[in-house]
Amino acid sequence: MDGNSSALNKGLRESPGAIHKDPDMVIFGFWVFMMSDLIFFGVVFAIYITMIGATAGGPGPRELFDFGSLFAQTMLLLTSSLTVGIATITMKHQRSQGSFLFWVVVTLLFGLGFLTLELLDFSEMAAKGGIPQRSGYLSAFFGLVPLHGLHVSFGCLWMLVMIAQVLTVGMTDLVKLRFLRLALFWHFLDLIWIGIFSVVYFGGWVYG
Amino acid sequence: MAEKSGFSAHLRTYLTGYVLSVVFTLAAFWAVLALGKEYKSVLILVGLLGVAQLIVQLKCFLNVTTQREGRDNLALILFSTLILLIIVLGTAWIMGNLAMRMHTTM
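As given, the protein sequences belong to chains A and B, one line each in that order. Going by the numbering used here, the first sequence opens with residue 1, and the numbers climb by one from there. Going by the numbering used here, the second sequence opens with residue 1001, and the numbers climb by one from there.
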């Protein structure tokens, strides 16, 4: 371990092409992406906070939110974060490809379950008059929560692609590195969800 | 055999993170459902539970450490968090102040 072993210095000392082969550098780069995504979410959270109460006579959080469904969604996403972690350690410790794929499929099913409940929740809100056009508050709500849902959808798509890649080319180093980034992305989405249920649902419900 | 213990140690880290996250989530839901109607200050508790869960998940799921090899990640996360807080708290402060001075309900 020399003093220059930080991820930043490693890439700079070598040729530009080598950056893409250094796993630490690739993971660090993915962290940079996630943190820029975090700022994006932060702006949308800020808009939501300023819009609490701006219901323009339309339905507010107390009429619209279903905490039973919210709890189920939270548990599904949290459990999927655990199962993607188990998939990661099965990969790191070179357990069988079958058990790795099993945990990826379990994660995918939890993710799809989460999306199903979320869409049902949105359609019930719409049935009570909670549509994005109704008020500034609802526009802000539907700008933020489905943005997270869209991220989860792309995570599910990414998982399907990873399953296809493992089945066709096997567990190569490149596939492993891609999966590590998917796992980071998936854990990150659960972190965002903590903000959503605390600020959007609970904050909106208490103050709305 | 050494690899096997590494596997179960990793698994234990994830399971610890999961159990703690479930406990914090249940506590937040319980606090809001039981006390949210009367006390707005319950949000402080929800916020603290949320931050606790964030820290647990960063440590147990995302393997963020304060060790030397993880410093770049930690510096990046802390800097991004600073920007995030400036954006969110700054917006809430300015727009809240504006709403108060304009006598609009918030």
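Every residue gets a Cβ at the ideal spot worked out from N, C-alpha and C, and that includes glycine.
Reference residue i, options the options, closest by Cα
i         : options                                       : result
A:Met296  : A:His148, A:Pro146, A:Gly149 and A:Arg181     : Residue 296 of chain A lies beyond the range of chain A shown here (1 to 208); nothing can be said about it.
A:Cys156  : A:Gly53, A:Leu38 and A:Ser80                  : A:Ser80
B:Thr1081 : A:Phe122, A:Leu38 and A:His93                 : A:Leu38
A:Lys128  : A:Arg95, A:Leu184 and A:Phe65                 : A:Phe65
A:Trp31   : A:Phe114, A:Trp186 and A:Tyr137               : A:Trp186
B:Gly1048 : B:Phe1029, B:Tyr1014, B:Thr1066 and B:Ala1075 : Note that residue 1048 of chain B is Leu in the sequence shown, not Gly. When only C-alpha atoms are compared, the closest one is B:Phe1029.
A:Val200  : A:Asp173, A:Gly170 and A:Ser139               : A:Ser139
A:Arg62   : A:Ile163, A:Val106, A:Gln165 and A:Gly130     : A:Gly130
B:Ala1099 : A:Ile52, A:Leu82, A:Val166 and A:Ala164       : A:Ile52
B:Val1022 : A:Ala87, A:Ala164 and A:Leu82                 : A:Leu82
A:Phe67   : A:Phe202, A:Gly208 and A:Tyr207               : A:Phe202
B:Thr1091 : A:Tyr48, A:Val206 and A:Met34                 : A:Tyr48
A:Gly29   : B:Asn1097, B:Met1095, B:Ile1077 and B:Arg1101 : B:Ile1077
Residue i, buried or exposed, once every other Cβ within 10 Å from all chains shown has been counted against 16
i         : result
B:Leu1062 : buried
A:Thr168  : exposed
A:Ile196  : buried
A:Ser36   : exposed
B:Trp1093 : exposed
A:Leu174  : exposed
B:Thr1016 : exposed
A:Val161  : exposed
B:Tyr1039 : exposed
B:Leu1043 : buried
B:Gln1067 : exposed
B:Gly1006 : exposed
A:Ala87   : buried
B:Leu1084 : buried
B:Phe1079 : exposed
Alpha-carbon to alpha-carbon, residue j and residue i
i         : j         : result
A:Phe40   : A:His148  : 11 Å
A:Ser135  : A:Thr90   : 47 Å
B:Tyr1018 : B:His1103 : 45 Å
B:Arg1012 : A:Phe102  : 19 Å
B:Asp1072 : A:Phe179  : 21 Å
A:Ala54   : B:Ala1009 : 49 Å
B:Val1088 : A:Pro146  : 19 Å
A:Leu76   : A:Phe114  : 6 Å
A:Thr50   : A:Leu120  : 27 Å
B:Val1051 : A:Ile27   : 24 Å
A:Leu109  : A:Ser153  : 12 Å
A:Phe100  : A:Gly42   : 34 Å
A:Gly98   : A:Gly170  : 11 Å
A:Trp193  : A:Thr74   : 8 Å
A:Tyr137  : A:Gly60   : 8 Å
A:Leu189  : A:His151  : 7 Å
A:Phe142  : A:Phe45   : 11 Å
A:Gln133  : A:Leu117  : 22 Å
B:Leu1035 : A:Ser69   : 20 Å
A:Ser96   : A:Phe71   : 34 Å
B:Ile1055 : A:Met34   : 16 Å
A:Ala183  : A:Leu144  : 22 Å
A:Val166  : A:Val106  : 16 Å
Endpoints, alpha helix (DSSP H) assigned at residue i
i         : result
B:Asn1097 : Arg1071 to Arg1101
A:Pro23   : Pro23 to Met51
A:Val200  : Taken as a continuous stretch (DSSP letters only), A:Val200 belongs to no alpha helix (DSSP H), as it is neither H nor E.
A:Ser135  : Counting along the chain, A:Ser135 falls outside any alpha helix (DSSP H), and DSSP gives it neither H nor E.
B:Val1046 : Val1042 to Cys1060
A:Met125  : Gln97 to Ala127
A:Lys176  : Asp173 to Gly195
Helix, strand or coil at residue i according to DSSP, with G and I counted as helix
i         : result
A:Leu150  : helix
A:Gly68   : helix
B:Arg1068 : helix
A:Tyr207  : helix
A:Gln73   : helix
B:His1010 : helix
B:Tyr1018 : helix
A:Gln165  : helix
A:Pro59   : coil
B:Thr1104 : coil
A:Ala236  : Examination of residue 236 of chain A is not possible in this model, given that chain A is present from 1 through 208 alone.
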